[in-house]
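Chains as they are written, first to last, in our numbering: chain A, 1 to 144; chain B, 1 to 144. By construction, the Cβ of each residue, glycine as well, lies at the ideal position given by its N, Cα and C atoms. Reading through the structure tokens given below for one structure.
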DNA sequence: ATTTGTTTACGAAGATATTCGTAGATGTTC
DNA sequence: GAACATCTACGAATATCTTCGTAAACAAAT
């Protein structure tokens with residue numbers, strides 16, 4: 001029911017031909033977030049981090065990560081007994097994908113609306129605001 | 001499994017005591033988006049709009065909206081045969097809720113990151129950029 | 001080598017979301 | 001009022017997501 005997805009060839013994966021980045025679910029995003037931050041990690045490590053915020057059994061985390069691997073969201077190194085997983089999709093790409101969807105359905109298509117809403121309710125330091133100003137100028141420069 | 005929700009009293013609803021804004025699902029968000037844009041509408045109208053992007057039967061849309069009504073996401077006027085639905089949750093509040101979650105899990109907690117990512121990949125007119133600059137100044141003023 | 005602990009694999013139950021067929025109510029047209 | 005169209009209500013099938021128990025593999029400790 002969600003948007004159609006282009007197929008593409010990939011290696012380093014049992015299926016060989018898999019769908020391009022499937023939309024991660026809620027739980028999957030949490031795990032991706034941890035892997036982006038920590039870099040390659042074991043299930044145990046991810047689970048530990050996860051348990052700080054959320055109640056869940058170890059095998060639940062394991063199963064999730066196995067599924068994510070099958071989907072192509074994670075890669076893994078199974079050379080030692082304790083497998084090591086890493087995110088297979090980039091943080092940037094995923095962010096963009098989710099942002100686009102969100103802008104479209106919830107912000108009536110206006111990225112500006114989203115930006116202002118995000119700025120309004122998050123205390124940003126003066127430094128951060130300056131950083132954004134700088135960024136704005138760059139964009140304007142590029143567009144010319 | 002998701003964050004706990006405070007209970008609160010409400011009227012204009014069969015249950016009387018319902019949970020505070022449940023997290024809308026993907027499909028529900030699409031419908032909310034349409035209602036925010038169009039204002040109060042019939043199922044038929046929402047369905048028509050929905051069908052522009054998405055494949056779905058009429059009764060599917062109907063059922064969804066009925067469920068959303070039961071959840072308290074929509075209100076409805078059933079005085080005439082053809083019921084008229086409206087969003088019961090504000091666009092702003094919902095936007096903020098989703099943004100917060102997203103900043104937290106996908107942007108490592110940094111609203112600034114989100115803003116820059118959003119600005120980077122959406123062509124914004126010079127006008128819009130100015131609007132954002134103005135907004136930045138206001139925020140700075142308020143914080144002092 | 002037996003116990004103990006940690007790991008993966010697997011299957012299946014439970015929870016939630018999505019889809020749609022069918023029936024009955026209501027309204028409209030001829 | 002009979003035929004037709006449109007609407008709601010309801011139930012159930014399907015699909016997807018989440019959770020976890022159990023077993024087998026493996027390693028380390030006694």
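7 Å CB neighbourhood of residue i in its chain, flanking five on each side removed
i                     : result
residue 4 (chain B)   : With a pLDDT of only 36 at residue 4 (chain B), under the threshold of 50, the placement of this residue in the model should not be trusted; the figure read from the coordinates follows. Closer than 7 Å at the Cβ level, and outside the excluded window around residue 4 (chain B), lies no residue.
residue 113 (chain A) : 107
residue 111 (chain A) : 103
residue 62 (chain B)  : 43
residue 68 (chain B)  : 28, 31, 74
residue 92 (chain A)  : none
Beta carbon proximity, residue i to chain A, threshold 9 Å
i                    : result
residue 90 (chain B) : no
residue 46 (chain B) : no
residue 67 (chain B) : no
residue 99 (chain B) : yes
residue 33 (chain B) : yes
residue 58 (chain B) : no
residue 94 (chain B) : yes
residue 82 (chain B) : no
residue 2 (chain B)  : Its pLDDT being 33, under 50, residue 2 (chain B) is placed unreliably by the model, and the measurement read from it follows with that caveat. Yes - at least one Cβ of chain A is within 9 Å of the one on residue 2 (chain B).
residue 85 (chain B) : no
residue 49 (chain B) : no
Buried versus exposed, by CB contacts within 10 Å (16 or more), residue i
i                     : result
residue 137 (chain B) : exposed
residue 105 (chain B) : buried
residue 82 (chain A)  : exposed
residue 33 (chain A)  : buried
residue 79 (chain A)  : exposed
residue 51 (chain B)  : exposed
residue 123 (chain A) : exposed
residue 142 (chain B) : exposed
residue 49 (chain B)  : buried
residue 94 (chain B)  : buried
Proximal residues to residue i (C-beta, below 8 Å), its chain only, five neighbours per side dropped
i                    : result
residue 58 (chain B) : 43, 44, 47
residue 22 (chain B) : 5, 71, 72, 73
residue 35 (chain A) : 41, 46, 74, 85, 86, 87
Expected contact under 8 Å - CB spacing of residue i and residue j to nearest Å
i                     : j                     : result
residue 132 (chain A) : residue 116 (chain B) : 7 Å
residue 64 (chain A)  : residue 41 (chain A)  : Actually they are not in contact, since the Cβ atoms of residue 64 (chain A) and residue 41 (chain A) sit about 13 Å apart, beyond 8 Å.
residue 120 (chain B) : residue 140 (chain A) : So it is not a contact: roughly 13 Å between Cβ atoms.
residue 129 (chain A) : residue 118 (chain B) : Incorrect: roughly 15 Å between the Cβ atoms, too far for contact.
Short CB-CB distance (under 9 Å) between residue i and chain B
i                     : result
residue 105 (chain A) : yes
residue 61 (chain A)  : no
residue 112 (chain A) : yes
residue 78 (chain A)  : no
Does the pairing of the stretch 72–83 of chain B with the stretch 87–104 of chain A give three or more beta-carbon distances under 8 Å?
no
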